[in-house]
Amino acid sequence: MMRENTMKMRMVVTDLDGTLLRSDKSVSERTVNVLRRLDDMDVKIAVATARASRSVYKLVPSGFRNIYYIFYNGASVYYNNEEIYSRYIDAVKAKEIVLWFLSRYPGIEISLEMLGNLYTNFDIRKMESWFPPFEQVDFQTLEFKPAGKILVNLRYVGDISEVYEFLPDDCRIIITDNGALGQILNKDVSKAGGVKALAEVLGIGLDEVISFGDDYNDIEMIRECGIGVAMGNAPQDIKDAADIITASNDEDGVAIILEKLLENNMIISKSGFIW
Numbered sequence: 015m016m017r018e019n020t021m022k023m024r025m026v027v028t029d030l031d032g033t034l035l036r037s038d039k040s041v042s043e044r045t046v047n048v049l050r051r052l053d054d055m056d057v058k059i060a061v062a063t064a065r066a067s068r069s070v071y072k073l074v075p076s077g078f079r080n081i082y083y084i085f086y087n088g089a090s091v092y093y094n095n096e097e098i099y100s101r102y103i104d105a106v107k108a109k110e111i112v113l114w115f116l117s118r119y120p121g122i123e124i125s126l127e128m129l130g131n132l133y134t135n136f137d138i139r140k141m142e143s144w145f146p147p148f149e150q151v152d153f154q155t156l157e158f159k160p161a162g163k164i165l166v167n168l169r170y171v172g173d174i175s176e177v178y179e180f181l182p183d184d185c186r187i188i189i190t191d192n193g194a195l196g197q198i199l200n201k202d203v204s205k206a207g208g209v210k211a212l213a214e215v216l217g218i219g220l221d222e223v224i225s226f227g228d229d230y231n232d233i234e235m236i237r238e239c240g241i242g243v244a245m246g247n248a249p250q251d252i253k254d255a256a257d258i259i260t261a262s263n264d265e266d267g268v269a270i271i272l273e274k275l276l277e278n279n280m281i282i283s284k285s286g287f288i289w
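Going letter by letter, the sequence shown gives residues 15 to 289 in my numbering.
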């Protein structure tokens with residue numbers, strides 16, 4: 015019998031950048047080993063990321079039987095290359111939002127995730143040594159389709175309150191990357207929403223899910239899952255929302271907690287502990 019205030023975890027959900035991945039974008043051997051042990055026990059594993067599928071599969075080790083993917087901050091959930099849940103910005107709203115930013119903030123850099131493709135109005139190769147395939151376009155003439163997310167460089171935005179006032183009621187913005195990036199989504203989209211949808215399909219309660227994250231787009235799933243874990247490299251707001259604070263992504267923070275879970279037969283207390 016489990017003690018009061020303890021739970022048995024049946025699913026592990028982890029953010030990717032700054033959480034599962036080290037700073038060099040690799041997954042440590044220690045982390046891979048503990049995830050494989052969980053997979054062998056039929057514990058479900060989900061990667062919840064702001065990224066699109068094309069840039070995720072190459073980063074996550076292969077060979078897992080029970081792995082799921084939550085893309086675009088929760089707008090799309092996949093299993094075995096099949097989308098089992100989606101919440102997109104409709105094409106008309108996506109166009110309205112993009113054109114408003116272009117007219118309000120001349121020169122602003124915008125990226126649009128649409129039907130698995132990345133469209134930009136600038137050369138993203140100047141920003142990263144590694145970059146996903148993209149198409150540089152004129153948004154004024156682009157044919158818009160339902161969008162997973164719209165990314166805007168907030169360094170061009172003086173007063174963020176203007177953005178909040180403009181955004182349609184059925185959209186929301188999440189600010190990440192130390193305030194530099196605005197991620198615009200369908201208002202019903204969050205990583206927590208993606209986790210809920212996936213858990214429901216799998217017949218798993220949210221109280222049976224442990225989640226890991228390091229940024230503001232992780233905060234809702236950290237709060238709403240049975241156990242929420244903040245990485246040591248997370249901002250203080252994220253740590254304050256968590257049940258447990260682990261080591262940083264470069265110190266195997268995810269593996270440390272999962273190893274302890276395995277030692278305790280996947281049973282954990284919500285009281286938490288701090289490294």
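For every residue, glycine included, the Cβ atom is placed at its ideal position computed from N, Cα and C.
The model shown is predicted, which means the values in this text are computed figures rather than measured ones.
Give a yes or no on contact between the stretch 58–69 and the stretch 257–270, applying the rule of three or more CB pairs nearer than 8 angstroms.
Cβ pair count under 8 angstroms is below three, so no.
Should Ser-100 be flagged as near chain D, meaning a C-beta pair shorter than 8 angstroms?
The chain inventory of the structure shown lacks chain D, comprising one protein chain alone.
Specify the secondary structure class of Met-21 as computed by DSSP and reduced to three states.
Strand at Met-21.
From what residue to what residue does the beta strand (DSSP E) around Tyr-230 run?
Where Tyr-230 is concerned, there is no enclosing beta strand (DSSP E), given that its DSSP letter is neither H nor E.
Name the DSSP beta bridge partners of Val-243, please?
Val-243 pairs with Phe-226 and Ile-258.
Determine, using beta carbons only, whether Leu-126 and Val-106 come nearer to each other than 8 angstroms.
Taking 8 angstroms as the Cβ cut-off, Leu-126 and Val-106 do not qualify as a contacting pair.
Is Phe-85 helix, strand or coil when you go by DSSP?
Phe-85: strand per DSSP, three-state reduction.
Is Gly-162 closer than 8 angstroms to Ser-90 when the C-beta atoms are compared?
Yes, Cβ-Cβ distance for Ser-90 and Gly-162 is below 8 angstroms.
Could you tell me the boundaries of the beta strand (DSSP E) in which Lys-58 lies?
From DSSP, the beta strand (DSSP E) with Lys-58 extends over 58–62.
So, is Ser-204 buried or exposed, given that buried needs 16 or more other C-beta atoms within 10 angstroms?
Per the 10 Å Cβ criterion, buried.
Return yes when at least one heavy atom of the ligand GDP lies under 7 angstroms from the C-beta of Ile-236, else no.
This structure lacks the ligand GDP; in fact it carries no ligand of any kind.
Is it true that the CB of Asp-184 sits closer than 8 angstroms to the CB of Asn-200?
Closer than 8 angstroms, so yes.
Below 8 angstroms, how does it come out for the stretch 56–63 and the stretch 77–94: are there three or more Cβ pairs, yes or no?
Result yes; three or more Cβ-Cβ pairs closer than 8 angstroms.
Can you tell me whether Ala-194 is buried or exposed, with buried defined as 16 or more other CB within 10 angstroms of its CB?
Exposed, by the Cβ-count rule.
Check each candidate in Ile-258, Cys-239, Gly-208 and Glu-222 and name the one with the smallest Cα separation from Ile-248.
A small correction: the amino acid at residue 248 is Ala; Ile does not occupy that position in the sequence shown. Minimum Cα distance to Ala-248 is reached at Ile-258.
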